[in-house]
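A.B. asks: Chains as they are written, first to last, in this note's numbering: chain A, 12 to 348; chain B, 12 to 348.
Think of the CB as a built atom: it goes at the ideal place given N, C-alpha and C, for glycine as much as any other residue.
Next up is a structure, given as structure tokens.
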DNA sequence: AACGTTACTGGAAACGTTTCCAGTAATTCT
DNA sequence: AGAATTACTGGAAACGTTTCCAGTAACGTT
């Protein structure tokens, strides 16, 4: 079933059918109705490949995400999709796995799907100029900042929270209450990641409170899943019985950590406070509820798309936007005994 | 940058470049290397649209999922993607929202992307023969059974747990321990859904235990999110102070329910037991851990793809597979006081 | 030496659209 | 009435691939 069949069936030319399908003005009402009718009853859907092939540019926006399963990403992806659709574009979603390079995946996707722009979600940000050059469409990084200075900042956009600063704020919630033996639970799925930035914030907060950095209190899990976080927290609990608080760099890790605290016979928050950054839905339904800095997920996704489309449609150049978290005062933080 | 440029740059014809790119045998080693080299350094990626357009059939398998955010789907999607990729196909993921008809979305996707087969995840299963006919490629439904008899069973495949039976098993865990005032927490995002099947299992278990069905103990939430489940559980708790157990039809709802129980001043499981079906990762990190029937998510996804590819490649016809859950004995179930 | 194979390569058609250009009929203007 | 405009329609090229077919050169065989 092609456009030619439709043309034949409705007794008009191929061009006319095309015009009807694309809402071009120059077609009579009678013909338009007739064609639409035929289209309807023959279940015809235009072949997207042919369409994309001939159009000078597609309406495709790519989203490359590392780990769709990450619960924090759910609302972000949702917001991105909504914004993209609302603007009349189509979202092409591509997941990448631990080994892959998201930049390469993005470049490949961009060429093969003729993308207008690209959103990168949850990647490692160790891009170099050559890599960026390989990708010659506008792109925006979501959920991490470039604070390492190795990137060509003016070649792309970003929108994220200030990971280092927010981590600093989180840890200050603890130091302000008098905690001094504060552990940090990191993940290390990639080198220059969010994890490192948040770790820096942790260090700064300690330093400012005059607390020396104690390597025993730093725990880095190899993979990003709950069992790894749980085991990490267990090691911390075994190693440091003077620890009074844990800063986890993600809500999901914090949930695992709270469980580990509980299983060790201690209580959250009386014996050990837990704080995190993210604000996923489920963390306000745990017992106790998690105290965390909520990332504005909707805004993150929405803003990312807005910035990207500004670039795509030539309204504005690239820019870097920082959003702020809001503290949710749950039940998992307390002054130390 | 097209295949013609590559041909020019490497001094061979377009056909030859194509052959190199598609690993056809009839090309000399020297030429192959030369072409590959040029491809490499010019970052050339074939245009997928053109490719799909000309090939008699694509390598695309579609996945239409209702609510990517559902945590239970994460491992299923992961398994599906892995299996599809492993078989040399490409997964095209499409999310649909509450209002949309997944069958129509699937049909549209199928035509426009030239899909070889389709996986439907988490939809409502109110298909009629006409609708199925509109989609003329093999498809497999994942995560729900057809127990309503309204479907043309031999027109498609399915793989899922026996929702009614497993719900029955879950509730029997409660009746066997002596519970008699057992509530059920349903969602109602679509009419003929998993929810209804699990509800039937609940009814059967009660009947078998000689417990009359009490409508006060049936709570149906409008939407599928944690806050709705939480509110539903709260209503139950307010309404029935003789209730000693809750059967939630999904882990995530159960987590919200446990929170509601806790917030009402009662304890899980001493005052109120909670059991569910799903087995998402996080539900074994709650306090207390959730007792639930674990669905074999990996197997579900893997089997779905296997069945689908059997149909696509003509190795076998359609079939309906039922998988079994395994009980995870958590801490959320106890005998009533 | 002529021939059939084999190994490789190039030309060209085809896939299903969109869009530019040209053409026709109807309508309005002078 | 004729010219100019308008409203609509059809033809054909183009998009970037793959693949069929034909062609050439080198090689072994009789």
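Label residue 303 of chain B either buried or exposed according to how many other C-beta atoms from any shown protein chain fall within 10 Å of its C-beta, with 16 as the threshold for buried.
C.D. replies: Position 292 of the second chain, counted from the first residue, corresponds to residue 303 of chain B. Buried: at least 16 other Cβ atoms inside 10 Å.
A.B. asks: Can you list the residues of chain B that residue 89 of chain A reaches, using a CB-CB cut of under 7 Å?
C.D. replies: Against the first chain, residue 89 of chain A aligns to sequence position 78. Going along chain B in sequence order, the residues near residue 89 of chain A (Cβ under 7 Å) are 80.
A.B. asks: Pairs of beta-carbons, one from the segment 216-226 of chain A and one from the segment 179-192 of chain A, closer than 8 Å: are there three or more?
C.D. replies: These segments touch.
A.B. asks: Classify residue 159 of chain A as buried or exposed, calling it buried when 16 or more other Cβ atoms lie within 10 Å of its own Cβ.
C.D. replies: Sequence index remark: in the first chain, residue 159 of chain A carries index 148 (1-based). Any reading at residue 159 of chain A needs caution, since the residue's pLDDT is 46, under 50, leaving its predicted position unreliable; the model's value is listed next. Per the 10 Å Cβ criterion, exposed.
A.B. asks: What residues from the segment 294-306 of chain A come within 9 Å of chain B, judged by C-beta to C-beta, listed N to C?
C.D. replies: Per Cβ criterion, the list reads 295, 296, 297, 298, 299, 300.
A.B. asks: Are residue 118 of chain A and residue 288 of chain A closer than 9 Å when you measure CB to CB?
C.D. replies: In the first chain, counting from the first residue as 1, residue 118 of chain A sits at position 107. In the first chain, counting from the first residue as 1, residue 288 of chain A sits at position 277. No, the Cβ-Cβ distance between residue 118 of chain A and residue 288 of chain A is not below 9 Å.
A.B. asks: My output table needs one value for residue 153 of chain B: the three-state DSSP class, helix, strand or coil.
C.D. replies: Residue mapping note: residue 153 of chain B aligns to position 142 of the second chain, counting from 1. If DSSP states are grouped into helix, strand and coil, residue 153 of chain B belongs with the strands.
A.B. asks: From A:64, A:314, A:111, A:270, pick the residue whose C-alpha is nearest to that of residue 90 of chain A; which is it?
C.D. replies: In the first chain, counting from the first residue as 1, residue 90 of chain A sits at position 79. The residue with the shortest Cα to Cα distance from residue 90 of chain A is A:314.
A.B. asks: Quick one: which unbroken beta strand (DSSP E) runs of 3-plus residues sit fully inside the segment 64-138 of chain B? Chain order, please.
C.D. replies: Runs found: 71-77, 101-107, 128-132.
A.B. asks: Are three or more beta carbon pairs between the segment 292-308 of chain A and the segment 239-258 of chain A nearer than 8 Å?
C.D. replies: No, the segment 292-308 of chain A does not touch the segment 239-258 of chain A.
A.B. asks: By DSSP, does residue 301 of chain B sit in helix, in strand, or in coil?
C.D. replies: Taking the first residue of the second chain as position 1, residue 301 of chain B is located at position 290. Three-state result, residue 301 of chain B: coil.
A.B. asks: Go ahead and pull the three-state DSSP assignment for residue 195 of chain B.
C.D. replies: Counting from 1 along the second chain, the entry for residue 195 of chain B is found at position 184. Residue state, collapsed to three classes: strand.
A.B. asks: Quick check for students: name the residue ranges of the beta strand (DSSP E) that lie wholly in the segment 255-342 of chain A, counting only runs of 3 or more.
C.D. replies: Whole beta strand (DSSP E) segments, 3+ residues: 256-259, 284-289, 302-305, 331-334, 337-339.
A.B. asks: Mind checking which residues open and close the alpha helix (DSSP H) that includes residue 29 of chain B?
C.D. replies: Counting from 1 along the second chain, the entry for residue 29 of chain B is found at position 18. Looking at the DSSP string, the run of the alpha helix (DSSP H) that includes residue 29 of chain B is 25-32.
A.B. asks: Taking the beta strand (DSSP E) that residue 169 of chain B falls in, what are its first and last residues?
C.D. replies: Walking along the second chain from the start, residue 169 of chain B turns up at place 158. Element bounds for residue 169 of chain B: 168-172.
A.B. asks: For residue 214 of chain B, which option in B:54, B:174, B:47 has the closest C-alpha, if you only look at C-alpha atoms?
C.D. replies: Counting from one through the second chain, the residue named residue 214 of chain B turns up at place 203. The candidate whose alpha carbon is nearest that of residue 214 of chain B is B:174.
A.B. asks: Quick check: residue 87 of chain A and residue 107 of chain A, are their CB atoms within less than 9 Å of each other?
C.D. replies: For the purposes of this step, residue 87 of chain A is taken as the residue at position 76 of the first chain. For the purposes of this step, residue 107 of chain A is taken as the residue at position 96 of the first chain. Cβ atoms of residue 87 of chain A and residue 107 of chain A: not closer than 9 Å.
A.B. asks: Whole angstroms is fine: what's the gap from residue 328 of chain A's alpha carbon to residue 319 of chain A's?
C.D. replies: For this step, residue 328 of chain A is matched to residue 317 along the first chain. For this step, residue 319 of chain A is matched to residue 308 along the first chain. Cα-Cα distance, rounded: 9 Å.
A.B. asks: Excluding the 5 residues flanking residue 341 of chain A on each side, which residues of the same chain have their C-beta closer than 8 Å to its C-beta?
C.D. replies: Locating residue 341 of chain A in the first chain gives position 330, counting from the first residue. 294, 295, 299, 300, 301, 302, 303, listed in sequence order.
A.B. asks: Would you verify that the beta carbon of residue 190 of chain B is, or is not, closer than 9 Å to some beta carbon of chain A?
C.D. replies: The residue given as residue 190 of chain B occupies position 179 in the second chain. It does not: the Cβ of residue 190 of chain B has no partner Cβ on chain A nearer than 9 Å.
A.B. asks: Report buried or exposed for residue 26 of chain B, applying the criterion of at least 16 other Cβ atoms within 10 angstroms of its Cβ.
C.D. replies: As a first step, residue 26 of chain B must be located in the second chain, where it is residue number 15. Residue 26 of chain B comes out exposed.
A.B. asks: Is there at least one Cβ from chain B nearer than 9 Å to residue 280 of chain A's Cβ?
C.D. replies: Numbered from 1 along the first chain, position 269 holds the residue referred to as residue 280 of chain A. Output row for residue 280 of chain A: interface = no.
A.B. asks: Just confirm the distance between the C-beta atoms of residue 154 of chain A and residue 132 of chain A, as a whole number of angstroms; I'd bet it's less than 8 Å.
C.D. replies: The sequence position of residue 154 of chain A within the first chain is 143, counting from 1. The sequence position of residue 132 of chain A within the first chain is 121, counting from 1. So it is a contact: roughly 6 Å between Cβ atoms.
A.B. asks: Going along the chain, which residues of the segment 258-292 of chain A sit with their C-beta nearer than 8 Å to a C-beta in chain B?
C.D. replies: So the close ones are 263, 266, 267, 269, 270, 273, 292.
A.B. asks: Measure from the alpha carbon of residue 130 of chain B to the alpha carbon of each residue in B:311, B:345, B:347, then state which is nearest.
C.D. replies: Numbered from its first residue, the second chain carries residue 130 of chain B at position 119. Of B:311, B:345, B:347, the residue nearest in Cα terms is B:311.
A.B. asks: Using the C-alpha atoms, what's the distance from residue 104 of chain B back to residue 152 of chain B?
C.D. replies: Here residue 152 of chain B refers to the residue found at position 141 of the second chain. Here residue 104 of chain B refers to the residue found at position 93 of the second chain. Going by the C-alpha atoms only, they are around 15 Å apart.
A.B. asks: Answer yes or no: does any C-beta atom of chain B fall closer than 9 Å to that of residue 241 of chain A?
C.D. replies: As a working mapping, residue 241 of chain A is identified with position 230 in the first chain. Yes, residue 241 of chain A counts as interfacial toward chain B.
A.B. asks: For chain A, is any of its Cβ atoms less than 9 Å away from the one on residue 55 of chain B?
C.D. replies: Within the second chain, residue 55 of chain B is the residue found at index 44, counting from 1. Yes, contact with chain A.
A.B. asks: Go ahead and label residue 35 of chain A buried or exposed: buried means 16 or more other beta carbons lie within 10 angstroms of its beta carbon, across all protein chains shown.
C.D. replies: As a first step, residue 35 of chain A must be located in the first chain, where it is residue number 24. So residue 35 of chain A counts as exposed.
A.B. asks: Would you verify that the beta carbon of residue 237 of chain B is, or is not, closer than 9 Å to some beta carbon of chain A?
C.D. replies: As a working note, residue 237 of chain B is residue 226 in the second chain. Output row for residue 237 of chain B: interface = yes.
A.B. asks: Cβ closer than 7 Å: which chain B residues qualify as neighbours of residue 211 of chain A?
C.D. replies: The residue labelled residue 211 of chain A in the question sits at position 200 within the first chain. In chain order: nothing, as chain B lies at least about 28 Å away.
A.B. asks: Quick one: give me the first and last residue of the alpha helix (DSSP H) that residue 46 of chain B is part of.
C.D. replies: Walking along the second chain from the start, residue 46 of chain B turns up at place 35. Element bounds for residue 46 of chain B: 40-52.
A.B. asks: For residue 50 of chain B, which residues from the same chain have a beta carbon less than 7 Å from its beta carbon, with the 5 sequence-adjacent residues on both sides left out?
C.D. replies: On the second chain, residue 50 of chain B is found 39 positions in, with the first residue counted as 1. Excluding positions up to five away in sequence, the list reads 17.
A.B. asks: Going by the CB atoms, is the gap between residue 60 of chain A and residue 124 of chain B shorter than 9 Å?
C.D. replies: Taking the second chain and counting its residues from 1, one reaches residue 124 of chain B at position 113. Taking the first chain and counting its residues from 1, one reaches residue 60 of chain A at position 49. For residue 124 of chain B and residue 60 of chain A, yes; Cβs fall inside 9 Å.
A.B. asks: Give me the Cα-Cα distance between residue 325 of chain B and residue 149 of chain B, rounded to the nearest whole angstrom.
C.D. replies: Counting from 1 along the second chain, the entry for residue 325 of chain B is found at position 314. Counting from 1 along the second chain, the entry for residue 149 of chain B is found at position 138. Whole-angstrom Cα-Cα distance: 10 Å.
A.B. asks: Quick one: using the 10 Å Cβ neighbour count with 16 as the cut-off for buried, is residue 65 of chain B buried or exposed?
C.D. replies: Start at 1 with the first residue of the second chain, and residue 65 of chain B comes out as number 54. So residue 65 of chain B counts as exposed.
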